[in-house]
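Going by the UniProt record's numbering, the residue at position 491 of the sequence shown is 491; the numbering climbs one at a time, nothing skipped. Virtual Cβ for every residue (Gly too), placed ideally from N, Cα, C.
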Amino acid sequence: MQGQKHILVVDNDAARRHQIETVLAFVGEHFHVFPEDEIDKHLTAIPNILNIILCGDISPKLQNVIKSNPKYPFIYHDVIDKKQLNGYVNVIGELTTPLNYAQLTELVHHSHQYHNNLPSKRSASSPSSLFRSLVGTSEPMQQVRFLIEQVACTSANVLILGESGTGKEVVARNIHDLSDRSKGPFVPVNCGAIPAELLESELFGHEKGAFTGAISTRKGRFEMAEGGTLFLDEIGDMPQPMQVKLLRVLQERTFERVGGAKSLKADVRIVAATHQHLEDMIKTNHFREDLYYRLNVFPIETPSLRERKEDIPLLLKELISRFSAEQGQSVRFTDKAIESLKEHPWAGNVRELSNLIERMIIMYGEQVVNVGQLPLKYRHLDVDDYQPEYPEELQEREAINELFSGFDYDDEDDDTDETNTEDTTAVNGKTVDVLPNDGLNLKEYLAELEISLIKQALDKNEWVVARSAELLDMRRTTLVEKMRKYNLQKVS
């Protein structure tokens with residue numbers, strides 16, 4: 001479940017920014033469009049940058065940005081004087097006018113290749129660091145890790161089976177990272193997201209003039225994945241004519257570009273994935289049996305989230321940590337909320353859980369989420385008021401016990417003077433209210449007492465939270481949460 005990569009577009013021309021923004025939105029990329037003077041802010045604020053598109057004049061400042069950020073690939077618009085970019089190895093391509101889908105898609109592929117070919121700080125001999133994205137200690141997840149380690153070092157084709165949202169691409173990336181091909185590119189392609197008439201060109205590339213609109217020669221995914229791994233996601237959605245052509249490549253390890261006559265070698269490992277039942281599709285003649293057995297050399301089945309509900313607390317912790325790193329905001333779930341989430345069927349699996357966490361961060365950033373704050377369909381337990389469960393809770397309970405320990409609750413020995421007109425009595429040297437004859441709401445009483453003491457501590461310390469928390473013998477974060485709970489704000 002890797003963070004989505006973003007494209008940064010730097011241009012001082014508002015009209016051109018709008019044009020590029022329209023094209024990027026159409027092709028479904030995540031992007032940020034801004035003038036040159038904001039680039040420093042975005043470079044530091046966005047952790048996952050795919051590439052940076054430069055338009056207009058390249059100022060000395062932008063030249064320095066290119067030079068000082070070798071980990072980012074830069075793309076330039078053809079309005080730029082190319083001489084300004086001579087000598088920069090991380091400038092990888094040019095966008096021509098007018099912008100088009102095919103050209104932009106190809107440059108995005110080149111950007112992924114650029115990142116894949118960067119020196120890796122991870123050690124391929126350390127599976128634990130690579131498996132960080134495969135969160136969970138349940139038996140099904142341990143089995144997935146075991147199978148990955150067994151097949152990664154081989155050249156066998158792998159077929160990953162499982163419902164949507166179970167992390168099939170994560171499994172494929174781990175196979176690649178643990179294999180001898182880890183220094184080569186990992187190139188994913190969603191066979192169901194590309195129109196049938198474009199899929200052949202997308203996989204095998206095309207020669208200039210091969211069809212209307214083929215204004216230049218273009219590499220396909222097989223060439224981009226040379227020496228690495230090609231991940232064919234949703235292989236069950238591949239049209240039958242393409243299944244035949246893919247089978248030929250798997251058998252002969254060669255292919256031709258669309259419109260070309262030259263055979264190219266395919267030094268590529270194939271990892272395929274699907275959420276469909278291919279054996280049922282074979283019976284209905286929607287999937288070729290011979291291709292199925294070519295792909296299904298080593299099957300790995302990713303478990304659904306409902307099959308490993310014990311992993312939900314660990315997944316919550318990991319996903320919240322990632323969102324916190326990306327967005328600068330976090331959220332906490334009570335134990336009861338987590339138990340409620342464990343009761344959910346999770347049709348969307350880990351992807352659905354990730355979406356829920358993002359929604360909760362938007363709605364309750366830096367707050368505590370109980371069952372009552374969960375969307376209705378996730379409430380599988382009774383809704384009640386949240387009571388904080390901090391490490392200080394035991395201290396608070398002991399303090400309350402001490403507060404009332406002076407009262408004698410034995411009716412026979414109770415010699416409380418009913419005629420006493422005083423509202424308070426001394427207990428352990430402290431003055432507390434006497435229980436009224438008609439009783440009281442203890443919960444409300446303690447809440448009011450807590451609010452009063454917190455206000456006093458804040459007033460004494462001029463609303464400096466750290467010093468006030470020290471005076472109340474609690475953590476600063478605990479005090480902040482209590483202030484938010486009771487809506488305590490300094491009155492100016």
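Opposing strand residues paired with residue i [DSSP bridges]
i: L159; result: A272, P299
i: H206; result: R218, V258
i: I49; result: H6
i: V368; result: R332
i: G93; result: I75
Of the listed residues the options, nearest to residue i (C-alpha basis)
i: I300; options: N51, V187, Y76, E169; result: E169
i: N285; options: P241, R253, G162, H77; result: P241
i: V491; options: L104, Q327, K455; result: K455
i: V271; options: R257, P345, R306, D177; result: D177
i: N89; options: D81, E289, F74, L99; result: Inspection of the sequence shows that residue 89 is occupied by Val rather than by Asn. Minimum Cα distance to V89 is reached at F74.
i: V171; options: V33, D180, I160; result: I160
i: E462; options: P436, Q489, Y445, P313; result: Q489
i: P375; options: L341, N349, G348, Q367; result: L341
i: A152; options: N349, T477, R475, V297; result: V297
i: V79; options: Y72, T96, I66; result: T96
i: K485; options: F211, V369, Y445; result: V369
i: F34; options: N487, Q243, V9, A261; result: V9
i: A457; options: L479, K443, P436, N441; result: L479
i: K245; options: L203, D233, M281, T217; result: L203
i: K377; options: Y72, W346, E36, L107; result: W346
i: S201; options: L147, E106, T154; result: E106
i: K183; options: G227, A196, L198; result: G227
Residue span of the beta strand (DSSP E) that contains residue i, given as start and end
i: H6; result: 6-10
i: P188; result: 186-190
i: V33; result: 30-34
Simplified DSSP assignment, three categories, for residue i
i: F131; result: The predicted model places F131 with a pLDDT of 48, which falls under 50 and marks its position as unreliable; any figure quoted below should be read in that light. Three-state DSSP puts F131 in a helix.
i: D233; result: strand
i: Y88; result: coil
i: Y76; result: strand
i: R253; result: coil
i: F146; result: helix
i: V108; result: helix
i: K265; result: strand
i: L472; result: coil
i: L381; result: coil
i: L62; result: helix
i: L43; result: helix
i: L54; result: strand
i: D311; result: helix
i: T137; result: coil
i: I194; result: coil
i: P241; result: helix
i: D408; result: In this prediction, D408 scores a pLDDT of 45, lower than 50, which makes its location untrustworthy; the coordinate-derived value is nonetheless stated afterwards. DSSP places D408 in coil when its eight states are reduced to three.
i: T478; result: helix
i: P391; result: Any reading at P391 is ruled out, since the residue's pLDDT is 43, under 50, leaving its predicted position unreliable.
i: R181; result: coil
i: Y292; result: helix
i: E396; result: In this prediction, E396 has a pLDDT of 48, which is less than 50 and means its spatial position is unreliable; what the coordinates show is noted afterwards. The answer is helix: DSSP assigns E396 an H, G or I state.
Alpha helix (DSSP H) segment containing residue i, residue limits
i: Y445; result: 442-460
i: M176; result: The residue asked about is misnamed: residue 176 is His in this sequence, not Met. 168-177 is the span of the alpha helix (DSSP H), which, as asked, contains H176.
i: P352; result: Looking at the sequence provided, one finds Glu at residue 352 rather than Pro. Start and end: 349-364.
i: M281; result: 278-283
Check: residue i C-beta below 7 Å from any heavy atom of the ligand ZN
i: E223; result: In terms of ligand content, the structure shown is empty, and the ligand ZN therefore cannot be addressed.
Three or more beta-carbon pairs under 8 Å between the region 303-311 and the region 263-282, yes or no?
Verdict: no, contact absent.
Should the region 252-265 be regarded as contacting the region 232-241, the criterion being three or more beta carbon pairs within less than 8 Å?
With the cut-off at 8 Å, the region 252-265 and the region 232-241 do not touch.
Pairs of beta-carbons, one from the region 51-66 and one from the region 10-20, closer than 8 Å: are there three or more?
Enough Cβ pairs lie closer than 8 Å, so yes.
Three or more beta-carbon pairs under 8 Å between the region 63-77 and the region 177-197, yes or no?
By the criterion of at least three beta-carbon pairs nearer than 8 Å, the region 63-77 is not in contact with the region 177-197.
Take every Cβ of the region 181-193, pair it with every Cβ of the region 316-332, and state whether three or more of those distances are shorter than 8 Å.
Contact between the region 181-193 and the region 316-332 is absent, because fewer than three Cβ pairs lie under 8 Å.
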